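One structure is given below, encoded as structure tokens.
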Amino acid sequence: MAIWLDEELPTSFDDPRPETFSPAQRERLLARPKDVTSWTPRTLGQYQTIDGSGNFYVGSGKSIADTMEEWITPSEVDGFNIGHVAVPEAWEDVVEFLLLELKARVWLGQIGGEKYPVPGGTARENLNGVK
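Residue 10 in full-length UniProt numbering sits at position 10 of the sequence shown, with consecutive numbering throughout.
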């Protein structure tokens, strides 16, 4: 069966087309975000282009640290998965801008003294203060 790029994908489990998808694919198609009015192959592809399956943020080290702090403070989050669009530049930017900003806020140790809660540990371990 062919589906055109702009033809809407299944909208309920009663739709016969979901039978052509795996259970995981059906769940993904039916649980679309609030800002997506309909899934078509085109909109699904556009949404998934930059990690549409989760939250993503683009910005300066300060703005990303602000966003991370919004998650850290109330929810006691224990870590973040940081992705990239360009390699190795993205990782260099994380080290140069984001980690320095997090250190300045004393989330990853103290600037100057380099006193990490877990010396030699990962960023996640230092965020939590536990190895």
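Cβ atoms here follow ideal geometry from the backbone N, Cα and C, with glycine treated the same way. Every value quoted in this text rests on a predicted model; they were computed, and no experiment measured them.
Same chain, Cβ closer than 7 Å to residue i, neighbours up to 5 away in sequence not counted
i           : result
residue 47  : 36
residue 143 : Coverage of the chain is limited to positions 1 through 131, which leaves residue 143 absent and any answer about it impossible.
residue 65  : 98, 101, 102 and 105
residue 131 : 118, 121 and 125
For residue i, the three-state DSSP class (helix, strand or coil)
i           : result
residue 103 : helix
residue 131 : coil
residue 62  : helix
residue 75  : helix
residue 88  : coil
residue 57  : coil
residue 24  : helix
residue 31  : coil
residue 67  : helix
residue 6   : coil
Own chain residues within Cβ distance below 8 Å of residue i, not counting five before or after
i           : result
residue 8   : 38, 39 and 40
residue 108 : 99, 102, 116, 123, 126 and 127
Spatial neighbours of residue i in its chain, beta-carbon cut-off 6 Å, leaving aside the 5 residues before and after
i           : result
residue 124 : 79
Contact belief for residue i with residue j at Cβ below 8 Å, rounded distance in angstroms
i          : j          : result
residue 67 : residue 57 : 5 Å
residue 94 : residue 82 : 6 Å
Next item on the list: Evaluate the contact criterion for the stretch 58–71 versus the stretch 88–105: three or more CB pairs, one atom per stretch, below 8 Å.
Entry: Segments in contact, yes.
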